[in-house]
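Numbering (the numbering used here), first residue to last: 951 to 1263. Backbone N, C-alpha and C fix where the C-beta goes; we use that ideal spot for every residue, glycine too. Note that this is a predicted model, so its numbers are computed, not measured. Following: one structure in structure tokens, then a few remarks.
Structure representation (structure tokens):
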């Protein structure tokens, strides 16, 4: 189905990191098909590479795309990617921070070097590319940033401590940048996808049919192409979402949210109170979804002191 003209991305420029395969490839292909000029980033974007194949597919379909080989986990690599986009197309409207690696192992076997590498690719790259793009977006008074988190980080996964820590960090980075960008015309959101990709197939939790490459009905439903429309909407000028984390999988889109239970209050809280009121503290019968960390302080002030604060907390 051809989207209506008002949902196209003609004249927009987007950078997609880790775009040689999997989700990044799907994002790049859809953004290009909607009229955006796409910079396809991967470690290898030369002739014969998977990233080059994405560029060739986009151009063959009448789109505009260029490949850029850069290690976005480094400052120089992130800066060179953004410079390439701006120098080539004159502007940069959207950054899709998709680069990621999965190195699953039990915590007892996790080395500092492995932890640092996983965090560098999954979290540090999102920070570095966003930071490099930020001044250009501020000058334009417009920008869209979408970073890739994971339910592993938001909910936890045994055997993936480094990956989970990095993806949880993307959540905090996204929400904080969303607050900073609000007055600057920059909207920042995150995507928590489930899709059948080479990285997903390498997970210790992957079904045998995934790791063998054979696939199954579940993998066929988890097509990356069913995730890409969420990214396309989040980078679209008409989208007003900011500071949101959307789960996307198999055609279903939902919101991930951090919730705070109503909890228990005692003026002279003791260890005995915490012990015996544990069920009340954990009860999800009543909870709030807060828009910012400062809001918890405001609401807590009102609850404990019976009035609203006159200053931010």
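>> Quick check on residue 1262: does DSSP put it in helix, strand or coil?
In response: Within the chain shown, numbered from 1, the residue matching residue 1262 stands at position 312. In this prediction, residue 1262 has a pLDDT of 49, which is less than 50 and means its spatial position is unreliable; nothing more can be read from the coordinates.
> Given residue 1188, which residues of its chain have a CB within under 6 Å of its CB, disregarding the five upstream and five downstream residues?
Replying inline: Counting from 1 along the chain shown, the entry for residue 1188 is found at position 238. Here the set comprises nothing.
> Rounded C-beta distance between residue 986 and residue 1045? I'm assuming under 8 Å.
Replying inline: For the purposes of this step, residue 986 is taken as residue 36 along the chain shown, with counting starting at 1. For the purposes of this step, residue 1045 is taken as residue 95 along the chain shown, with counting starting at 1. The Cβ separation is near 12 Å, so there is no contact.
>> Check whether the segment 1174-1194 and the segment 961-981 are in contact - that is, three or more C-beta pairs closer than 8 Å.
In response: The segment 1174-1194 is in contact with the segment 961-981.
> If we count the other Cβ atoms within 10 Å of its Cβ and call it buried at 16 or more, is residue 1267 buried or exposed?
Replying inline: It is not possible to answer for residue 1267, since the shown part of the chain is limited to 951 through 1263.
>> Relative to the C-alpha of residue 1106, which candidate in 1086, 989, 1142 has its C-alpha closest?
In response: Position 156 of the chain shown holds residue 1106. Nearest C-alpha to residue 1106: 1142.
> Anyone know if the C-beta pair for residue 944 and residue 991 falls short of 8 Å?
Replying inline: Lying outside 951 to 1263, the shown extent of the chain, residue 944 is not represented and no answer is given.
>> I want to know whether the segment 1127-1141 touches the segment 1188-1199 - three or more CB-CB distances under 8 Å.
In response: In short, these stretches touch, since the Cβ pair count reaches three.
> residue 1256 to residue 1247, Cα distance in whole Å?
Replying inline: Stepping through the chain shown from its first residue, residue 1256 is reached at position 306. Stepping through the chain shown from its first residue, residue 1247 is reached at position 297. A straight line joining the alpha-carbon of residue 1256 with that of residue 1247 spans about 13 Å.
> For the candidate residues 976, 1003, 1076, whose alpha-carbon lies nearest to that of residue 1050?
Replying inline: The residue you call residue 1050 lines up with position 100 of the chain shown. Nearest option by C-alpha distance: 1076.
>> Check whether chain B comes within 8 Å of residue 1118, counting only Cβ atoms and requiring the distance to be less than that.
In response: Absent from the structure: chain B. Only one protein chain is present.
>> Which runs of the alpha helix (DSSP H) at least 4 residues long sit entirely within the segment 1101-1157? Give them in chain order.
In response: Fully enclosed alpha helix (DSSP H) runs of no fewer than 4 residues occupy 1101-1105, 1111-1131, 1148-1151 of the segment 1101-1157, in order along the chain.
>> Assuming contact is defined by CB atoms lying nearer than 8 Å, are residue 1228 and residue 1210 in contact in what I supplied?
In response: On the chain shown, position 278 is the one that residue 1228 refers to. On the chain shown, position 260 is the one that residue 1210 refers to. No; because the gap between Cβ atoms is not below 8 Å, this pair is not in contact.
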